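Asks: If you read the sequences in order, they're chains A and B.
Each step along the first sequence adds one to the number in full-length UniProt numbering, with nothing skipped, and position 274 is 274.
Each step along the second sequence adds one to the number in full-length UniProt numbering, with nothing skipped, and position 206 is 206.
For every residue, glycine included, the Cβ atom is placed at its ideal position computed from N, Cα and C.
Nothing here was measured: the structure is a model prediction, and the numbers come from that model.
Pasting a structure here, questions to come.
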Amino acid sequence: MENKSVSKQVVIYVTLAIMLVCALFPLYWMLNTSFKSQGEIYNMTPSFWPKKLTWDGYRKLFEKDFLLNVRNSFVVSLIVSLFSIVISMLAAYAISKLKFRGRNAISKSILYAYLMPRSVLFIPLYMLVSAIGLSNSIWGLMLIYPTITIPYATWMLISYFKTIPDEIEEAAMIDGCSRGRTLWSIILPLAAPGMAATFIFSFTLCWSEYLYALVVVTKGTEKTITLGLSDMIVGDVFAWGPLMGGSIIASIPVIIMYLFTSKYMVSGMTVGGVK
Amino acid sequence: MRLDNKLAYLLMSPVLIYLLAVMLLPFGWALYLSFTDKTVGMSAHFIGLGNYLDLLKDATFWKAVKNTIVFTVVAVILKSVFGMIMALVLNEKIIFRNVFRVLLFLPWTIPTIVSVFTWQWIYSDVGGVLNFLLLKTHAIGRPLGWLAEPNLAMLSVIIVNVWRGIPFMGIAILAGLQSVSKEMYEAAMLDGAGAVKRFFYMTLPSVKEVTILAAVMTTIWTLNDFEIIWLLTRGGPNNGTQVLSTLSYTLGFLNMSLGKAIAIAILTMPPLIILINYVTKRSLSSRD
Numbered sequence: 001m002e003n004k005s006v007s008k009q010v011v012i013y014v015t016l017a018i019m020l021v022c023a024l025f026p027l028y029w030m031l032n033t034s035f036k037s038q039g040e041i042y043n044m045t046p047s048f049w050p051k052k053l054t055w056d057g058y059r060k061l062f063e064k065d066f067l068l069n070v071r072n073s074f075v076v077s078l079i080v081s082l083f084s085i086v087i088s089m090l091a092a093y094a095i096s097k098l099k100f101r102g103r104n105a106i107s108k109s110i111l112y113a114y115l116m117p118r119s120v121l122f123i124p125l126y127m128l129v130s131a132i133g134l135s136n137s138i139w140g141l142m143l144i145y146p147t148i149t150i151p152y153a154t155w156m157l158i159s160y161f162k163t164i165p166d167e168i169e170e171a172a173m174i175d176g177c178s179r180g181r182t183l184w185s186i187i188l189p190l191a192a193p194g195m196a197a198t199f200i201f202s203f204t205l206c207w208s209e210y211l212y213a214l215v216v217v218t219k220g221t222e223k224t225i226t227l228g229l230s231d232m233i234v235g236d237v238f239a240w241g242p243l244m245g246g247s248i249i250a251s252i253p254v255i256i257m258y259l260f261t262s263k264y265m266v267s268g269m270t271v272g273g274v275k
Numbered sequence: 001m002r003l004d005n006k007l008a009y010l011l012m013s014p015v016l017i018y019l020l021a022v023m024l025l026p027f028g029w030a031l032y033l034s035f036t037d038k039t040v041g042m043s044a045h046f047i048g049l050g051n052y053l054d055l056l057k058d059a060t061f062w063k064a065v066k067n068t069i070v071f072t073v074v075a076v077i078l079k080s081v082f083g084m085i086m087a088l089v090l091n092e093k094i095i096f097r098n099v100f101r102v103l104l105f106l107p108w109t110i111p112t113i114v115s116v117f118t119w120q121w122i123y124s125d126v127g128g129v130l131n132f133l134l135l136k137t138h139a140i141g142r143p144l145g146w147l148a149e150p151n152l153a154m155l156s157v158i159i160v161n162v163w164r165g166i167p168f169m170g171i172a173i174l175a176g177l178q179s180v181s182k183e184m185y186e187a188a189m190l191d192g193a194g195a196v197k198r199f200f201y202m203t204l205p206s207v208k209e210v211t212i213l214a215a216v217m218t219t220i221w222t223l224n225d226f227e228i229i230w231l232l233t234r235g236g237p238n239n240g241t242q243v244l245s246t247l248s249y250t251l252g253f254l255n256m257s258l259g260k261a262i263a264i265a266i267l268t269m270p271p272l273i274i275l276i277n278y279v280t281k282r283s284l285s286s287r288d
């Protein structure tokens, strides 16, 4: 028995180690490359630690429009997420707490919208944005990104609101609180952690988006961070230093946000299906 | 509870109006355009099923269908298997479990485009670390063109998709595992059931639902993966990694034939609807 549990431990930790190496090596390689000089990057024998740390990769980024790209992404993600969370919260409240005709059909269509992939919608959305003259600007992105964030946020918030017992609300209403009042001063504070996680998730969805940005925006100054990164490849020439530096910068905000919300991950990712 | 129709519709109206205006109507318009010869900048003429018939006669389209199926099936199987392993390991009592959990989820959190570039650099034939490591350990005899040879290119794009997708499967299955009762296991161990038996007769059945649900959702996303393939290979070499999403983009935005590009998106709808229906049915029933 003793031996068996030791060998079991060995198997577990060895598997864990292999998984960690597979998951983290590419990320380490990105970080490692971002601090290397151009000469060291193209050395035929890759070095596993930069021989001399340089900021060249990062410096080159800021000679271009990269800061502008970061700003555009930030503005778009922030505005879209705020807008989405506010209107999704109202819909989610209605769906989870009120009885009305067509409730099932509506929650089903929201889940449908959540699962509908971008590759099916990118042409209709491109045409919509061009038809109303918003192509080539971050306004066009602000119009269409909620198609990603609203169904997602609504679906998430329905799950959170359902975890709040109806009795709390009923008690408040017996005490004379109106619907609006209970939503504002009872439900929202209780759902705050879930709202924060949903907001952060929406933000990272917009921040990482590429396909819609690719078809909607072609003007340099309106490009988002993902487009800014892909623009660094000119033909077959890859400037790996700046590209990896830019990748690190693009990853940092989402990693930080993720660290704050990792405990909400389970319910978040599996859209309430797993409980 | 009494019906709150009015209030409910009022609260939902912003979301419903938005989704109607920005998803449903454009989609309906696109459906109409798939029956026209619409090109970028030109007006559309009705051509009936022309686009669809052209596609069905087009060898590249069928190649893309085949590639989409291969890409999706292989990637989803690999993600499910590795996700299961990850969940089983993280479900054990290990030191720093939460730290490892966070670290293992990192590939899923970073933007897709970032992971694609990182892998592109790893695959690179000039200075790429993958060839270097494999040559050094004598696993391969000559440097391989990871993105340049059709079969290898398919493997390479699958690897990136799998690398990114394992954490989703892992976390979903882990959630399922954590709801399995410990008593049941202890009873089974007392009865002398070995680890393998316990896995197949107890663990697997209890996480079956979750695993299938997560796998179906993963299938929807994998089926429509655009970024990884587009950025790594542009569907090449020689259409070796051309999938429906990249073909649709190529036809619509490089060849300017929007009508045909939309027709591809429409053709992917039936399987998609079946999959989405499955998820909605499961999710809605487990919720109420």
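The alpha helix (DSSP H) spanning Arg181/A covers which residue range?
Replies: Taking the first residue of the first sequence as 1, we reach residue 181/A at position 181. First-last of the alpha helix (DSSP H) with Arg181/A: 179 to 182.
Asks: Any beta carbon from chain A within less than 8 Å of Tyr9/B's own beta carbon?
Replies: Start at 1 with the first residue of the second sequence, and residue 9/B comes out as number 9. So, interface residue.
Asks: With a 10 Å radius around its C-beta and 16 neighbouring C-beta atoms as the bar for buried, classify Met42/B as buried or exposed.
Replies: For the purposes of this step, residue 42/B is taken as the residue at position 42 of the second sequence. Exposed, by the Cβ-count rule.
Asks: Closest Cβ-Cβ distance between Thr233/B and chain A: below 8 Å?
Replies: Locating residue 233/B in the second sequence gives position 233, where the first residue counts as 1. Chain A contact via Cβ: absent.
Asks: If you drop the 5 nearest sequence neighbours on each side, which residues of the same chain put their C-beta closer than 7 Å to that of Leu135/B?
Replies: Here the question's residue 135/B lines up with position 135 in the second sequence. If we look at Leu135/B and ignore the five residues flanking it on each side, its Cβ neighbours are Pro143.
Asks: State the Cα-Cα distance for the pair Arg101/A and Ala8/B, rounded to the nearest angstrom.
Replies: On the first sequence, residue 101/A is found 101 positions in, with the first residue counted as 1. On the second sequence, residue 8/B is found 8 positions in, with the first residue counted as 1. Each residue's alpha carbon lies about 9 Å from the other.
Asks: Where does Ile233/A fall in DSSP's three states?
Replies: Within the first sequence, numbered from 1, the residue matching residue 233/A stands at position 233. Strand.
Asks: Tell me, please, whether the CB atom of Pro26/A is closer than 8 Å to any CB atom in chain B?
Replies: For the purposes of this step, residue 26/A is taken as the residue at position 26 of the first sequence. Yes, Pro26/A counts as interfacial toward chain B.
Asks: Report the three-state DSSP secondary structure of Phe260/A (helix, strand or coil).
Replies: One-based indexing of the first sequence puts residue 260/A at position 260. Helix at Phe260/A.
Asks: Is the Cβ-Cβ distance between Val15/B and Ser88/A less than 8 Å?
Replies: Position 15 of the second sequence, counting from 1, holds the residue named residue 15/B. Position 88 of the first sequence, counting from 1, holds the residue named residue 88/A. Yes; because the gap between Cβ atoms is below 8 Å, this pair is in contact.
Asks: Taking 8 Å as the threshold, find out whether the stretch 90 to 99 of chain B comes into contact with the stretch 7 to 24 of chain A through three or more Cβ pairs.
Replies: Yes: the two stretches touch, three or more of their Cβ pairs being nearer than 8 Å.
Asks: How many Å lie between Asn104/A and Lys281/B at the Cα?
Replies: Residue mapping note: residue 104/A aligns to position 104 of the first sequence, counting from 1. Residue mapping note: residue 281/B aligns to position 281 of the second sequence, counting from 1. When rounded, the distance between both Cα atoms is 11 Å.
Asks: Quick one: is Met184/B buried, meaning 16 or more other Cβ sit within 10 Å of its Cβ, or exposed?
Replies: The sequence position of residue 184/B within the second sequence is 184, counting from 1. Classification of Met184/B: exposed, given that the 10 Å Cβ count is below 16.
Asks: Is it the case that the stretch 182 to 198 of chain B contacts the stretch 37 to 50 of chain A, given that we only count it when at least three CB pairs across the two stretches are under 8 Å?
Replies: Judged by Cβ distances under 8 Å, the stretch 37 to 50 of chain A makes no contact with the stretch 182 to 198 of chain B, as fewer than three pairs qualify.
Asks: Would you mind telling me which residues of chain B sit closer than 8 Å to Pro193/A, beta carbon to beta carbon, in chain order?
Replies: By one-based count along the first sequence, residue 193/A stands at place 193. Per Cβ cutoff of 8 Å: no residues; Pro193/A is ~18 Å from chain B at best.
Asks: Of all the options Asn277/B, Tyr278/B, Lys260/B, which has the alpha carbon lying nearest to the alpha carbon of Ile47/B?
Replies: Counting from one through the second sequence, the residue named residue 47/B turns up at place 47. It is Lys260/B.
Asks: Hey, which unbroken runs of the alpha helix (DSSP H) at 4 residues or more fall wholly within the stretch 50 to 84 of chain B?
Replies: For the stretch 50 to 84 of chain B, whole alpha helix (DSSP H) runs of length 4 or above, ordered along the chain, are 50 to 56.
Asks: Does the Cβ-Cβ distance between Ile187/A and Ile164/A come in under 8 Å?
Replies: Your numbering for residue 187/A matches position 187 in the first sequence. Your numbering for residue 164/A matches position 164 in the first sequence. Contact flag set, yes.
Asks: Decide yes or no for the touch test of the stretch 118 to 128 of chain B against the stretch 227 to 244 of chain A: beta carbon pairs closer than 8 Å, at least 3 of them.
Replies: Touching, yes, given that three or more Cβ pairs across the two stretches are closer than 8 Å.
Asks: Report the residues of the stretch 236 to 263 of chain B with a CB closer than 7 Å to any CB of chain A, ordered along the chain.
Replies: Flagged, chain order: Ser245, Ser248, Gly252, Phe253, Leu258, Ala261, Ile262.
Asks: Going along the chain, which residues of the stretch 182 to 216 of chain A sit with their C-beta nearer than 8 Å to a C-beta in chain B?
Replies: Flagged, chain order: Thr204, Trp207, Ser208, Tyr210, Leu211, Val215.
Asks: From Trp230/B to Gly83/B, what distance separates their C-alpha atoms?
Replies: Along the second sequence, read from residue 1 onward, the residue named residue 230/B stands at position 230. Along the second sequence, read from residue 1 onward, the residue named residue 83/B stands at position 83. Approximately 25 Å between the Cα atoms of the pair.
Asks: Does the Cβ-Cβ distance between Leu152/B and Gly145/B come in under 8 Å?
Replies: By one-based count along the second sequence, residue 152/B stands at place 152. By one-based count along the second sequence, residue 145/B stands at place 145. For Leu152/B and Gly145/B, yes; Cβs fall inside 8 Å.
Asks: Can you tell me whether Gln178/B is buried or exposed? The criterion is at least 16 other CB atoms within 10 Å of its CB, across all chains shown.
Replies: Translated into the one-based positions of the second sequence, residue 178/B becomes position 178. Burial call: exposed.
Asks: Taking 8 Å as the cut-off, decide whether the C-beta atoms of Ile95/A and Ile79/A are in contact.
Replies: Against the first sequence, residue 95/A aligns to sequence position 95. Against the first sequence, residue 79/A aligns to sequence position 79. No.
Asks: Below 9 Å on C-beta distance, what does Tyr42/A contact in chain B?
Replies: One-based indexing of the first sequence puts residue 42/A at position 42. What Tyr42/A touches in chain B: Val126, Gly127.
Asks: By DSSP's criteria, Phe46/B is part of a beta bridge. Which residues make up the other side?
Replies: The count along the second sequence starts at 1 and reaches residue 46/B at position 46. Note: Phe46/B sits in a beta bridge opposite Thr36/B.
Asks: Find out if the Cβ-Cβ distance for the pair Ala61/A, Leu11/B is shorter than 8 Å.
Replies: As a working note, residue 61/A is residue 61 in the first sequence. As a working note, residue 11/B is residue 11 in the second sequence. In the sequence as presented, Ala is not what sits at residue 61/A; that position holds Leu. No. Outside cutoff.
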